[in-house]
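Participant: Got a structure for you, written out below as structure tokens; questions coming shortly.
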Amino acid sequence: MTDQDMNVAVKNFLGSPRFAVAGASSDPSKFGHRVFAWYLQRSLPVTPLNPSRPSVSVSSKDYDTVPSPSALQQPKETALSVITPPSVTKKLLQEAKEAGVRAVWLQPGSFNDEILEYAMKEFPGAAVGGDGGRGGEGWCVLVDGDSGLRAAAKEQGRL
């Protein structure tokens, strides 16, 4: 996939009306916490997804979690950031597809080649992941998200 194709996928992802973070965490040292906080800091509507915790805390505020993509209130309007180990990611993506999730962003470390290929096939033009982006680790919402938000807003006529 070219950088241009991935930039389109980033705009499609960030143009979603709702977001969810699979692997959201209360631990500030974890990427699941940092990515969830990124959405909150930008006042984006985001739901934490964590099957083993009833809530996660960011900046001393608790947010109720949902256990899976099928438990999202409006999955067809939701783009899902994935910060889970590859051993969990494939099943998560299958459930997200079945629930109607519109786009996925596979954060570095959440996938292998097989999972990335599956995501690109099942979420055509709306799966972000792999090599590229502005950071050295690959496409990451923490590094590439702000420019993607600007591009999505411009495309939707909000800028």
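First residue of the sequence shown? That's 1 in full-length UniProt numbering, and the numbers climb one at a time after it. Glycine residues also receive a C-beta, built at the ideal position from the N, C-alpha and C atoms.
(1) Within its chain, find whatever has a CB closer than 7 Å to the CB of Ser55; leave out the 5 residues flanking it on each side and keep chain order.
(2) Would you report the Cα separation of Gly135 and Pro108, rounded to the nearest angstrom?
(3) Mind listing, in chain order, the continuous beta strand (DSSP E) runs of no fewer than 3 residues lying wholly within the UniProt domain "CoA-binding" (13–110)?
(4) Mark residue 163 as exposed unless 16 or more other C-beta atoms lie within 10 angstroms of its C-beta, in which case mark it buried.
(5) Per DSSP, what kind of secondary structure is Ala153 in: helix, strand or coil?
(6) Quick check on Ala126: does DSSP put it in helix, strand or coil?
(7) Do Ser81 and Val35 have their C-beta atoms closer together than 9 Å?
(8) Short check: CB of Val101 to CB of Pro69, under 9 Å?
(9) Any chance the stretch 132–150 sits against the stretch 113–120, with 3 or more Cβ pairs inside 8 Å?
(10) Return the CA-CA distance between Lys91 and Leu149, expressed in angstroms with no decimal places.
(11) Give me, in chain order, the residues of the same chain whose beta-carbon lies closer than 7 Å to that of Leu40; leave out the 5 immediate sequence neighbours on both sides.
(12) How many angstroms separate the CA atom of Pro48 from the CA atom of Ala20?
(13) Look at the Cβ atom of Val104, then the Cβ atom of Ala71, and state whether they are nearer than 9 Å.
Facilitator: Put simply:
(1) Only Asp62, Tyr63, Asp64 and Thr65 meet the Cβ criterion.
(2) If I take the Cα positions, the gap works out to 10 Å.
(3) Listed in chain order, they are 18–22, 46–49, 55–58, 61–64, 78–82 and 103–106.
(4) Here the chain comprises residues numbered 1 to 159, so residue 163 is not present and cannot be evaluated.
(5) If DSSP states are grouped into helix, strand and coil, Ala153 belongs with the helices.
(6) Coil, per DSSP.
(7) In contact: Ser81 and Val35 (Cβ atoms closer than 9 Å).
(8) The Cβ-Cβ distance between Val101 and Pro69 falls below 9 Å.
(9) With the cut-off at 8 Å, the stretch 132–150 and the stretch 113–120 do not touch.
(10) Going by the C-alpha atoms only, they are around 28 Å apart.
(11) For Leu40, where only same-chain residues beyond five positions count, the Cβ hits under 7 Å are Val46 and Val58.
(12) Straight across, the Cα-Cα distance linking Pro48 with Ala20 is about 6 Å.
(13) Going by C-beta atoms, Val104 is not nearer than 9 Å to Ala71.
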